[in-house]
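**Student:** Here the protein sequences come in this chain order: A and B. Mind the numbering: the first sequence is residues 1 to 110 in my numbering, read in order. Mind the numbering: the second sequence is residues 111 to 761 in my numbering, read in order. I'd like to ask some things about the structure below.
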Amino acid sequence: MQFTVEQKPRYAHITGTGRLNMVGAPRLREVVSKVVDEGSNHVVIDLGGTEFMDSSGLGALIGCLKLARQAGGDLRIANVRPQVRMVLELTSMHRVLNPYDTADAAFADD
Amino acid sequence: MNRFLVRLLVVLTLLLGVNYIAWRWLESLNWSAWWIAVPLVLAETYSLIDVSLFGLTVWRLRRRGKAGAPPPGATVDVFITTYDEPLDLVMGTALAAQAIRHPHSTWILDDGARPELEALAAEHGLGYLTRSEDWADRPRHAKAGNLNNALMTTQGEFLLILDADQVPDPGILDRTLGWFNDRKVALVQTPQWFVNVPRHDPLGSQAPLFYGPIQQGKDGWNAAFFCGSNAILRREALMQLGLSGYVREVEHDVKDALARTRAALRKARRSPEAANPVVAGMLDDVEAATERARAELKAGAPLTELTYRLQREVDAAARRTVTRDFSQIEADLASIAALELPPEDGMVWPDELASAVDRMSRRDLSPLAAVEPVREVLEAVSVDRPGEAQPVMPLATISVTEDMATAMRLHGLGWRSVYHHEILAHGLAPEDLKTMLTQRLRWAQGTVQVLLRENPLLQRRLGWGQRLMYFATMWSYLSGFAAVVYFAAPIVYLVLGILPVTSLSWDFFVRFIPFMVVNQLLFLVVGRGIPTWRGQQYSLALFPIWIRACTTAARNVWFGRPLGFAVTPKVRQDAGPAWHLIRPQLVVMGLLAAALVVGTVRLAAGLNEPVGTLVNVAWVAFDLVVLSVLVTAARYPGFEPEERSADAVHG
């Protein structure tokens, strides 16, 4: 799993490429933790390049959401592929975490 | 052949048991002595249900063979959980774990955060984990919390869980991982077996009936359960469990907190602060925001958005209020300035106001803080579970025995479990009565907690077989109440001459004796030579522990009282037998012995019947033999062949 971070005017844009599974999950936590520590509390995780996600990956997203919320901001996910959407629905997590179509749409209303 | 025989005996036990109990209820109840007759027939009914559930368990007894080859490339984390066990004990287990043949990473999960252990781990190239800082000032959830913490920082596909005193065999993973080739298998449990127990097992440490026919029987119903140690779990299953629990908890928390805002706002409006029109205006804004959030929740809006928006709107309302307050000050300052008086030290100038507004709008300083209940409720409208160290808690935290609750929830999600009947770890059992009693109390409390919090009979996602298998274990922990009656009834007859049965005639014996004989035969055939008598003794003899477990767990679940029990001062082994720990049982033994004497005198005086006396004397003798195990236990000096620390508490 490869992560790239790009600072946009209104949020930090994190792109994850590869498989967000039990191996990638701790890594995601580290990346987001660093971004939040550096002062960006509005975070978008762009999952356009994430071909697979398991429960550990989803668990890491929740952990990161908590980090952003504690820093007074928010974390949103965008651009999900069908497999990821399926995992979200399978675990009822879509009731909590809404996937946005694009990274820009994620904080459009904020 | 064996299976046919077992089933035949189960059917016979049930038929004869129902025949006997029906006769007891319908024909033989001595209503003139209802105060002992009714408790006795209830106790007997309890026991019939208990043996029926046992029969159901062994009906589908499953003896598995070998597991097959492990899934290719399986990654494994071995977790050794410790809190305060001696370092050499922990390291003994950790080094044995390191020597497991299948590729894996070994981690010591030190809830005691001991620097010496950390150094030892580093020296031997072992992983070492302690709680993250998120756990400070939050519920720690004991072993479940320790494991949940470790799950977040490790990445193995499978997890082998070991108590600090369970030394694994090098082949433990090779022998068990193969079961995970079935993609629906979430758990493989292996037996717990203790090396520091003599053959006669005075403390009843070995559980050959449980780690044998009972787990094998549960396995047949896909209900073999997790026992906390010597088990391998699939991470994906645990994480899925954590996520579904998270969604459920968060939905509940948000709904509940939003419902409570109404009452909190009403209360706030009655408070003195609300007399201020500025605060009242803010309360209006907050109320409007929460009403919107409630509507969104009903419409099914994603909870992150809903909570975020609500928090934003509340912050904005607070900010507006502060700004209004400061505008007033600003206006006042302007009029002062208009008077062209020389400025005084400490006067706030308008350019400093902006930052002051910022500071004052922060949640803890905002005017909302003045309206404390509203603020508290609003903070609970959150998706990050502020009261918990981790939003996602894969291992169940509803009970002090996290294992059974976790397994039940995994089964509820459709996962399968396996009981692998092969000793692959060698453990240490408590060697003194006090530690043993503490441990049994904790297990019983945990089991009753699960029964009261998540009654398996009501779990719609479990099959009926699974529900009954979980219920069977919980039911067996209610035996303390029945035991009291079984001790009291013969005393009542021998001392007072009162029979709970209308007559001890042919009708009684012809129904009771065949039932008892077949029942014991069933245990004999199912056990295939394993010693089950010790277990039977302790299930009656520890009645004060079982009763205490039920009452403390009920108080805990229903009234939120702590489970804690008075810890008896540590009695050293050389201080002699710990009689004070078994005082109720000693009193019962005294009463039983006295009843023998009184019964004999009454027989001689012609006050009691010979048949009744004979039956009840035999009954008292049985009770005394059952209870005598505690005398042996209290005098047990610890395991002899090797000197070992009695502190080696089974986690």
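We put the CB at the ideal spot given by N, CA and C, even for glycine.
Let me know the secondary structure DSSP gives Gln70 (chain A) once reduced to three states.
**Tutor:** For the purposes of this step, residue 70 (chain A) is taken as residue 70 along the first sequence, with counting starting at 1. Three-state DSSP puts Gln70 (chain A) in a helix.
**Student:** Are at least three pairs of beta-carbons, each pair with one atom in the region 66-79 of chain A and one in the region 356-371 of chain B, less than 8 Å apart?
**Tutor:** Counting Cβ pairs under 8 Å, fewer than three are found: no touch.
**Student:** Against Ser92 (chain A), what residues of chain B qualify as contacts under a CB-to-CB distance less than 9 Å, listed in chain order?
**Tutor:** Numbered from its first residue, the first sequence carries residue 92 (chain A) at position 92. Neighbours of Ser92 (chain A) on chain B, chain order: Leu353, Ser354, Val357, Arg358 and Glu361.
**Student:** Buried or exposed: Ala744 (chain B), going by 16 or more other Cβ atoms within 10 Å of its Cβ?
**Tutor:** Here residue 744 (chain B) corresponds to residue number 634 of the second sequence, with the count starting at 1. So Ala744 (chain B) ends up on the buried side.
**Student:** Along the chain, where does the beta strand (DSSP E) containing Trp217 (chain B) start, and where does it finish?
**Tutor:** Sequence index remark: in the second sequence, residue 217 (chain B) carries index 107 (1-based). Counting along the chain, the beta strand (DSSP E) containing Trp217 (chain B) begins and ends at Ser215 to Asp220.
**Student:** Which value, in whole angstroms, describes the spacing of the CA atoms of Val502 (chain B) and Val307 (chain B)?
**Tutor:** Residue numbering aside, residue 502 (chain B) sits at position 392 when the second sequence is read from its first letter. Residue numbering aside, residue 307 (chain B) sits at position 197 when the second sequence is read from its first letter. Their Cα atoms are separated by approximately 39 Å.
**Student:** May I have the straight-line CA-CA distance separating Arg173 (chain B) from Gly575 (chain B), to the nearest angstrom?
**Tutor:** In the second sequence, residue 173 (chain B) corresponds to position 63, counting from 1. In the second sequence, residue 575 (chain B) corresponds to position 465, counting from 1. C-alpha separation (whole angstroms): 18 Å.
**Student:** Alpha carbon to alpha carbon, what distance is there between Val611 (chain B) and Val725 (chain B)?
**Tutor:** Numbered from 1 along the second sequence, position 615 holds the residue referred to as residue 725 (chain B). Numbered from 1 along the second sequence, position 501 holds the residue referred to as residue 611 (chain B). Val725 (chain B) and Val611 (chain B): Cα-Cα distance of roughly 12 Å.
**Student:** Whose CA, out of B:Trp331, B:Leu614 and B:Thr516, lies closest to the CA of Ser138 (chain B)?
**Tutor:** Along the second sequence, one-based indexing puts residue 138 (chain B) at 28. Here the closest residue by C-alpha is B:Leu614.
**Student:** Return the bridge partner residues of Ala238 (chain B) from the DSSP annotation.
**Tutor:** Counting from one through the second sequence, the residue named residue 238 (chain B) turns up at place 128. It should be noted that the sequence gives Tyr, not Ala, for residue 238 (chain B). Tyr238 (chain B) is bridged to B:Ile218.
**Student:** Just the C-alpha distance for Leu150 (chain B) and Leu713 (chain B), rounded to the nearest angstrom, thanks.
**Tutor:** As a working note, residue 150 (chain B) is residue 40 in the second sequence. As a working note, residue 713 (chain B) is residue 603 in the second sequence. Using only the alpha carbons, I get a separation of about 23 Å.
**Student:** Identify the continuous beta strand (DSSP E) that holds Leu269 (chain B) and give its terminal residues.
**Tutor:** Here the question's residue 269 (chain B) lines up with position 159 in the second sequence. Run containing Leu269 (chain B): Phe268 to Asp273, per the beta strand (DSSP E) assignment.
**Student:** Can you pull the chain B residues whose beta carbon is under 8 Å from the beta carbon of Val80 (chain A), in chain order?
**Tutor:** For the purposes of this step, residue 80 (chain A) is identified with residue 80 of the first sequence, where counting begins at 1. Within chain B, no residue comes near Val80 (chain A); the closest Cβ sits about 13 Å away, beyond 8 Å.
**Student:** In angstroms with no decimal places, state the Cα-to-Cα distance between Ala448 (chain B) and Ala441 (chain B).
**Tutor:** Indexing the second sequence from 1 puts residue 448 (chain B) at position 338. Indexing the second sequence from 1 puts residue 441 (chain B) at position 331. Those two C-alpha atoms are separated by around 10 Å.
**Student:** For the candidate residues A:Val44, A:Val84, A:Met22 and A:Gly18, whose alpha-carbon lies nearest to that of Ala108 (chain A)?
**Tutor:** Taking the first sequence and counting its residues from 1, the one referred to as residue 108 (chain A) is at position 108. Answer by Cα proximity: A:Val44.
**Student:** Apply the 10 Å Cβ neighbour rule to Phe619 (chain B) and answer buried if 16 or more other Cβ atoms are within range, or exposed otherwise.
**Tutor:** Along the second sequence, read from residue 1 onward, the residue named residue 619 (chain B) stands at position 509. Result: exposed.
**Student:** Let me check one thing: in DSSP terms, what residues is Gln7 (chain A) bridge-paired to?
**Tutor:** If you number the first sequence from 1, residue 7 (chain A) lands on position 7. According to DSSP, Gln7 (chain A) bridges with A:Ala12.
**Student:** Counting only C-beta atoms, is Gln70 (chain A) closer than 8 Å to chain B at any point?
**Tutor:** In the first sequence, the residue the question calls residue 70 (chain A) occupies position 70. Judged by the 8 Å Cβ criterion, Gln70 (chain A) is in contact with chain B.
**Student:** Can you tell which of B:Lys253, B:Leu534 and B:Arg422 has its C-alpha closest to the C-alpha of Gln299 (chain B)?
**Tutor:** Counting from 1 along the second sequence, the entry for residue 299 (chain B) is found at position 189. For the residues B:Lys253, B:Leu534 and B:Arg422, the minimum Cα distance to Gln299 (chain B) belongs to B:Leu534.
**Student:** Could you tell me whether the Cβ atoms of Glu541 (chain B) and Gly748 (chain B) are closer together than 8 Å?
**Tutor:** Within the second sequence, the letter at position 431 stands for residue 541 (chain B). Within the second sequence, the letter at position 638 stands for residue 748 (chain B). Going by C-beta atoms, Glu541 (chain B) is nearer than 8 Å to Gly748 (chain B).
**Student:** Please say whether Ala378 (chain B) and Val484 (chain B) have beta carbons closer to each other than 8 Å?
**Tutor:** Translated into the one-based positions of the second sequence, residue 484 (chain B) becomes position 374. Translated into the one-based positions of the second sequence, residue 378 (chain B) becomes position 268. Closer than 8 Å, so yes.
**Student:** Between the region 552-571 of chain B and the region 197-207 of chain B, are three or more C-beta pairs nearer than 8 Å?
**Tutor:** No, the region 552-571 of chain B does not touch the region 197-207 of chain B.
**Student:** Reducing DSSP to helix, strand and coil, say where Leu588 (chain B) ends up.
**Tutor:** In the second sequence, the residue the question calls residue 588 (chain B) occupies position 478. Coil.
**Student:** Can you tell me where the alpha helix (DSSP H) holding Ala334 (chain B) begins and where it ends?
**Tutor:** Position 224 of the second sequence, counted from the start, is the residue given in the question as residue 334 (chain B). Segment: none, Ala334 (chain B) is in no alpha helix (DSSP H) and carries neither H nor E.
**Student:** Report the residues of the region 525-551 of chain B with a CB closer than 9 Å to any CB of chain A, ordered along the chain.
**Tutor:** Cβ contacts with chain A come from no residue of the region 525-551 of chain B.
**Student:** Excluding sequence positions up to five away, which residues of its chain have a Cβ less than 8 Å from the Cβ of Asp131 (chain B)?
**Tutor:** Within the second sequence, numbered from 1, the residue matching residue 131 (chain B) stands at position 21. In the sequence as presented, Asp is not what sits at residue 131 (chain B); that position holds Ile. The residues are Val151, Glu154, Thr155 and Leu158.
**Student:** What in chain A is Cβ-close to Gln265 (chain B), meaning under 8 Å?
**Tutor:** Indexing the second sequence from 1 puts residue 265 (chain B) at position 155. By Cβ distance, chain A contributes Met22, Val23, Ala25, Pro26 and Ser56.
**Student:** Report yes or no: is there a C-beta of chain B within less than 8 Å of the C-beta of Ile62 (chain A)?
**Tutor:** Start at 1 with the first residue of the first sequence, and residue 62 (chain A) comes out as number 62. Output row for Ile62 (chain A): interface = yes.
**Student:** What's the gap between the Cα of Gly76 (chain B) and the Cα of Thr723 (chain B)?
**Tutor:** Within the shown structure, residues of chain B are numbered from 111 to 761, placing residue 76 (chain B) beyond reach of any answer.
**Student:** Ignoring anything shorter than 3 residues or poking outside the region 520-555 of chain B, list the beta strand (DSSP E) runs there in chain order.
**Tutor:** With a minimum length of 3 residues, the continuous beta strand (DSSP E) runs that stay inside the region 520-555 of chain B are 526-529 and 535-537.
**Student:** Does chain A have any CB closer than 8 Å to the CB of Glu486 (chain B)?
**Tutor:** To locate residue 486 (chain B), count along the second sequence from 1; it is residue 376. No, Glu486 (chain B) does not count as interfacial toward chain A.
**Student:** For a cutoff of 8 Å on Cβ pairs, would you count Val96 (chain A) as touching chain B?
**Tutor:** Start at 1 with the first residue of the first sequence, and residue 96 (chain A) comes out as number 96. So, interface residue.
**Student:** Within the same chain, show all residues whose beta-carbon is closer than 6 Å to that of Leu543 (chain B), passing over the 5 residues directly before and after it, in chain order.
**Tutor:** Residue mapping note: residue 543 (chain B) aligns to position 433 of the second sequence, counting from 1. Ala688, Leu691, Ala743 and Ala744, listed in sequence order.
**Student:** Helix, strand or coil: how does DSSP classify Leu150 (chain B) here?
**Tutor:** Numbered from its first residue, the second sequence carries residue 150 (chain B) at position 40. The answer is helix: DSSP assigns Leu150 (chain B) an H, G or I state.
**Student:** Does the beta carbon of Gly59 (chain A) sit closer than 8 Å to a beta carbon anywhere in chain B?
**Tutor:** Indexing the first sequence from 1 puts residue 59 (chain A) at position 59. At least one chain B Cβ lies under 8 Å of Gly59 (chain A).
**Student:** Should Ile601 (chain B) go down as buried or exposed, given a rule of 16 or more other Cβ atoms within 10 Å for buried?
**Tutor:** Translated into the one-based positions of the second sequence, residue 601 (chain B) becomes position 491. Answer is buried; the Cβ neighbour count reaches 16.
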